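Since the structure comes first, as structure tokens, the remarks are kept for the end.
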Amino acid sequence: MIERYAQEDITAIFSDKTKVKRWQDTEIAVTQAYTESHEFSEADFREFKGALLAHPVDLKWWKRRDEKIHHDLNAFLEERARRLPTRLQPLLHSNMTSYDTQEAAFARTLIDASHLVLKELAKLKEVLQAQALKHRFSLMVGKTHGQQGELQTHGKRCITWLRALEADRLLIEQAKAKLRYSKISGAVGNWGPIHPDIERRALEILGLEPYCGATQIIPREIYTPLADALAQTVLTIDKIALDIRLNARTPLPLYHEPFAKEQKGSSAMPHKKNPINTEQLEGMGRMASTYAAGIKQNIRTWEERAIEQSCVERVFWPDLFHVTMRAVSVLTKVLKGLVIYRHNMLIEIILSRGCYATAGAKEVLKQLVEPHGLKAEDAYRVIQLAAFNIFEYSGPVLSMPKSLDQAEQQLAEFTATWQFETQPTTLADYVMRAELQPSSQLKASAWKIKQWNRALRKVFVCPQARLEWTEAFRPTNVLKHEAHLFEQLCA
1 MIERYAQEDI TAIFSDKTKV KRWQDTEIAV TQAYTESHEF SEADFREFKG
51 ALLAHPVDLK WWKRRDEKIH HDLNAFLEER ARRLPTRLQP LLHSNMTSYD
101 TQEAAFARTL IDASHLVLKE LAKLKEVLQA QALKHRFSLM VGKTHGQQGE
151 LQTHGKRCIT WLRALEADRL LIEQAKAKLR YSKISGAVGN WGPIHPDIER
201 RALEILGLEP YCGATQIIPR EIYTPLADAL AQTVLTIDKI ALDIRLNART
251 PLPLYHEPFA KEQKGSSAMP HKKNPINTEQ LEGMGRMAST YAAGIKQNIR
301 TWEERAIEQS CVERVFWPDL FHVTMRAVSV LTKVLKGLVI YRHNMLIEII
351 LSRGCYATAG AKEVLKQLVE PHGLKAEDAY RVIQLAAFNI FEYSGPVLSM
401 PKSLDQAEQQ LAEFTATWQF ETQPTTLADY VMRAELQPSS QLKASAWKIK
451 QWNRALRKVF VCPQARLEWT EAFRPTNVLK HEAHLFEQLC A
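Heads up: the sequence shown begins at 1 in the numbering used here, then just goes up one per residue.
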């Protein structure tokens, strides 16, 4: 991974220094298992282990040797053997093949890296939980298909994000559990000269268990669920970041990611506060998906083994963990410092003119108009037409400018006459006034609209009907069941 996106802890876990140490751990564990089965003496094992631990692997020597023999594991064994007395050298790599040494080390690497991801996800969870509770009653308009939908709270949106990440965390935990399986079962997986009891005990020392059915390597089906789980986690983070970006658009932003006091958003436009962190997270999602797809291709290998998976795993696994850790940490930083414009959320609610409650209002209106001869379809169409009516542009017709000068003049004239409505007509009031008008956006005859208006006038003569209707638009009514989400959060 390039330095810009590299995560220090992941770099350390996948470093050559850590890798050869884990290889050595496997070699020592196998030798210990042989010693416990009385094939090597206790004294020889202590001397063997002491000599290796007293002299860390000379990485430069190892790499120079690898360049000559083109086999990094054999180069490692040669480097280790030179630290041992001649009589102890047979204890090293006894009855083993290369991937007997490497597979257990690789599994432990993935386990440790997964543990780091889970720790970072726990921090992100705390941030989201705190924000959900803080904004339990911060009203906003939910959106579906990019259009205003029903009322919700920002706290509820945080719970949605949190639950998705919790599902991802569970997948990582489940995939991590599969990594406990490894092999020290020889060149084709049937143990050959090494006894299954030696494999079992050596893996036990390393905190692992034997996989029954290995070839020279562990089937990559054991590892791919972790790659999928990590990629899915980054894609969930990408989705959360996209929600933040969509709601950071001007001129009425609901959110802004943290923006430092000396930060610049654009080299050309000083006013810009570009959401670069959340934009970056979309790119992280693309990379994670690509890495996971490449890792899954490693399921296919020739018969008992070939080496095509090696280069992929050397690059894609560390990079996938770098990307995952980067994505989690960036989103945590963004959410910790997220600027939330609650006043703009309220303005959006006002500008929706009550359309945030049409689903419930439709059900109320169905009951109110039924005694007056209107059906459920009529109630639906009445609210639809009313919504179209209240958003119809009623200002002067704008001619098409034929030059920039004309366009500029038109803007100046429009600016002089245009202003916000301080009390815009709401859907609730408009329907009660029974002033539905034909709309080019809806197929409804003038006669039908007249029938609807007559029925509405009869309905809303009754004070009780007016009360029931207006109650349908109260946030306390629209959000009466949202409390269930927060009960689950605090459970």
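By construction, the Cβ of each residue, glycine as well, lies at the ideal position given by its N, Cα and C atoms.
Computed from a prediction, not measured in an experiment: that's the story for all the values here.
Work out the CA separation of residue j and residue i for me, nearest whole Å.
i, j, result
"H145", "V20", "52 Å"
"T250", "G283", "23 Å"
"V334", "I244", "9 Å"
"L404", "N277", "37 Å"
"Q488", "K448", "47 Å"
"T11", "I390", "59 Å"
"L254", "P275", "13 Å"
"K125", "F460", "49 Å"
"I307", "H71", "12 Å"
"L529", "L162", "Not covered by the structure: residue 529. The range shown for the chain is 1 to 491."
"H481", "L320", "40 Å"
"A43", "V57", "23 Å"
"M287", "W317", "12 Å"
"T18", "L179", "18 Å"
"E173", "S98", "29 Å"
"A268", "A248", "20 Å"
Taking the alpha helix (DSSP H) that residue i falls in, what are its first and last residues?
i, result
"V497", "Here the chain has residues from 1 to 491 only, and residue 497 is not among them."
"C490", "483-490"
"I111", "98-134"
"A361", "358-369"
"G294", "276-297"
"G50", "42-54"
"R342", "342-351"
"W452", "446-459"
"T18", "16-36"
"N477", "475-478"
Can you name, in chain order, every residue of its own chain whose Cβ lies under 6 Å from the Cβ of residue i, other than the five neighbours on each side?
i, result
"A327", "V234, I237, L281, M284"
"K501", "Here the chain has residues from 1 to 491 only, and residue 501 is not among them."
"K50", "Sequence inspection shows Gly at residue 50; the Lys mentioned does not correspond to that position. Contacts found: none."
"R83", "A51, H55"
"L368", "V459, A465"
"G149", "G142, K143"
Taking the beta carbon of residue i as the centre, do at least 16 other beta carbons fall within 10 Å, making it buried, or is it exposed?
i, result
"D378", "buried"
"S37", "exposed"
"L170", "exposed"
"D228", "buried"
"I299", "exposed"
"R157", "buried"
"H322", "buried"
"Y393", "exposed"
"S114", "buried"
Give the range of the beta strand (DSSP E) segment to which residue i is assigned.
i, result
"T153", "147-153"
"M140", "139-144"
Is any beta-carbon of chain D found at less than 9 Å from that of residue i?
i, result
"L338", "Of the chains in the structure shown, none is chain D; there is only one protein chain."
Does the contact criterion of 3 or more C-beta pairs under 8 Å hold for the stretch 253-266 versus the stretch 201-215?
Short answer: they don't touch.
Would you call the stretch 289-303 and the stretch 240-249 touching, i.e. three or more CB-CB distances under 8 Å?
Output reads no: the stretch 240-249 does not touch the stretch 289-303.
Cβ pair count under 8 Å reaching 3, the stretch 318-327 against the stretch 5-12
Proximity of the stretch 318-327 to the stretch 5-12 meets the contact definition, three or more beta-carbon pairs being nearer than 8 Å.
Contact between the stretch 124-138 and the stretch 153-172 (3+ Cβ pairs under 8 Å):
Taking one beta carbon from each stretch, the stretch 124-138 and the stretch 153-172 have 3 or more pairs nearer than 8 Å; the two touch.
Take every Cβ of the stretch 348-360, pair it with every Cβ of the stretch 427-443, and state whether three or more of those distances are shorter than 8 Å.
Yes: at least three Cβ pairs fall under 8 Å.
Please confirm if the stretch 296-314 is in contact with the stretch 85-92, defined as three or more CB-CB distances below 8 Å between the two stretches.
The answer is no - the stretch 85-92 does not touch the stretch 296-314, with fewer than three Cβ pairs under 8 Å.
Between the stretch 195-205 and the stretch 112-130, can you find at least three pairs of beta-carbon atoms closer than 8 Å?
Remark: fewer than three beta-carbon pairs, one from each stretch, lie closer than 8 Å, so the stretch 112-130 and the stretch 195-205 are not flagged as touching.
Contact between the stretch 336-344 and the stretch 406-419 (3+ Cβ pairs under 8 Å)
Under the three-pair Cβ rule at 8 Å, the stretch 336-344 does not count as touching the stretch 406-419.
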